[in-house]
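Have a look at the structure below, then the notes.
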Amino acid sequence: MTSCNLFAADVSWISNASGNWSDGSNWDRGVPPEIGDRAIIDVPSADITVSINNQNIEILSISSEESLSITSGSLTVSETSNIDGSLSLNNKALLKVNGGVTSIPFLTSLSNAELTVEDGAEISAPNLTVFNGLSTLKINGTGKLSSGMLIDIKNLKFFLTGGAVFDRVAATSYNTTGLSPDVTVISVKDAGSRLDLSSVTNLDFGWYASGQRRQLYEALDGGVIDFSGATNLKSYVGEQDDWIEFKSTNSGQILFSSLKNITSNFAPAARGSVRFNLEGNTNPLPLVEDIHGLGLTVSAGTTINLP
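If you read the sequence shown in this note's numbering, its first letter stands for residue 2, the second for the next number, and so on.
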């Protein structure tokens, strides 16, 4: 049975000038689009920008030929949508797609932003190649981000669940030193979930702060994080009571099949540790040759055979 919203309405932007989404005078109905409405933004006579500021907007879909700017807020859609003008997400703004395909053909970069794609939905952004700057990507189940191959993922956090797969990374370095301490950077959970970062050769992880804090990279319940191309891991953890932790449980895997060097950016007197808490992983670091300048902790149940 096909579901439909009997109360869905098309709500069109009528102003010939840029303006705020929340201003009802900009819309033909006198009020902004609401849950269950389809927002239509097309001003042939001018190039305008519609702004969403400090608001969380949830609608059925959007069809926009104009530019859309979201600052400190969110836009959630549930059916096939298109944003054919430019899209900017600022100050941790969120675009969430619950269903259908949302097409954003002119999106090339995101910084300090969040994309969430739920089970069965897709974001199509074929020209997106930079996704960095304290940003977050969340994908659930068969949700999909069809981006270009990402060449810059500095400080990008990943959260994959329910069998989600993301394999659109071509970056050769991954630096997370700009993230706040005591944070989960990567979480890949559930059988079939896989994050492919095999293009990355240099990993620069951690931060300089104190207070028993950690940066966590976890593969849980059958999830897989693929660092198989990484040869160098450098820790930027600068205090002895802080650490970077790689954690896997219940058949989760973190792949380090090419890793050779694990080093610290700081002198041994002021360094934190790297912890491998890899439940059931047999010899996860088969090629490691050099470990110096930092503490290394291996949990019970993790076997590491060093040359």
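Even for Gly, the Cβ is constructed at its ideal location relative to N, Cα and C. These figures come from a predicted structure and were not determined experimentally.
DSSP three-state assignment for residue i, whether helix, strand or coil
| i | result |
| --- | --- |
| Asn27 | helix |
| Ser70 | strand |
| Leu297 | strand |
| Ser13 | strand |
| Glu80 | coil |
| Asn91 | strand |
| Trp244 | strand |
Residue of the options minimising C-alpha distance to residue i
| i | options | result |
| --- | --- | --- |
| Thr117 | Leu151, Ser136, Ser194, Ser19 | Ser136 |
| Leu76 | Asp85, Ser87, Leu61, Glu67 | Leu61 |
| Gly20 | Pro45, Asp242, Glu67, Glu35 | Glu67 |
| Ile41 | Ser26, Ser23, Val12 | Val12 |
| Arg39 | Ser65, Ser26, Asp48 | Ser65 |
| Ser229 | Ile105, Leu286, Gly25, Ile84 | Leu286 |
| Ser249 | Asp227, Asp48, Glu59 | Asp227 |
| Thr103 | Leu297, Asn91, Phe257, Gly86 | Gly86 |
| Ser148 | Ala122, Phe160, Thr109, Asn156 | Thr109 |
| Asn141 | Val166, Glu115, Ser258, Thr50 | Val166 |
Alpha carbon of residue i to alpha carbon of residue j, nearest angstrom
| i | j | result |
| --- | --- | --- |
| Ser4 | Glu80 | Note on Ser4: pLDDT 41, under 50, position unreliable in the model; the coordinate value appears next. Computed Cα separation, rounded: 12 Å. |
| Leu234 | Gln56 | 40 Å |
| Leu279 | Arg214 | 19 Å |
| Ala126 | Leu146 | 7 Å |
| Ser252 | Leu221 | 7 Å |
| Ser181 | Trp208 | 8 Å |
| Leu260 | Glu240 | 24 Å |
| Val189 | Asn92 | 25 Å |
| Gly302 | Phe247 | 14 Å |
Outcome for residue i when other beta-carbon atoms lying within 10 angstroms are tallied against a minimum of 16
| i | result |
| --- | --- |
| Ser265 | buried |
| Thr177 | buried |
| Val184 | exposed |
| Ala270 | Confidence at Ala270 is low in this model, with a pLDDT of 49, below 50, so the placement of that residue is unreliable and no value is reported for it. |
Cβ-based neighbour list, residue i, same chain, cut-off 7 Å, excluding 5 preceding and 5 following
| i | result |
| --- | --- |
| Ile154 | Phe132, Asn133, Val170, Ala172, Tyr175 |
Own chain residues within Cβ distance below 6 Å of residue i, not counting five before or after
| i | result |
| --- | --- |
| Ile105 | Ile84, Leu88, Ala126 |
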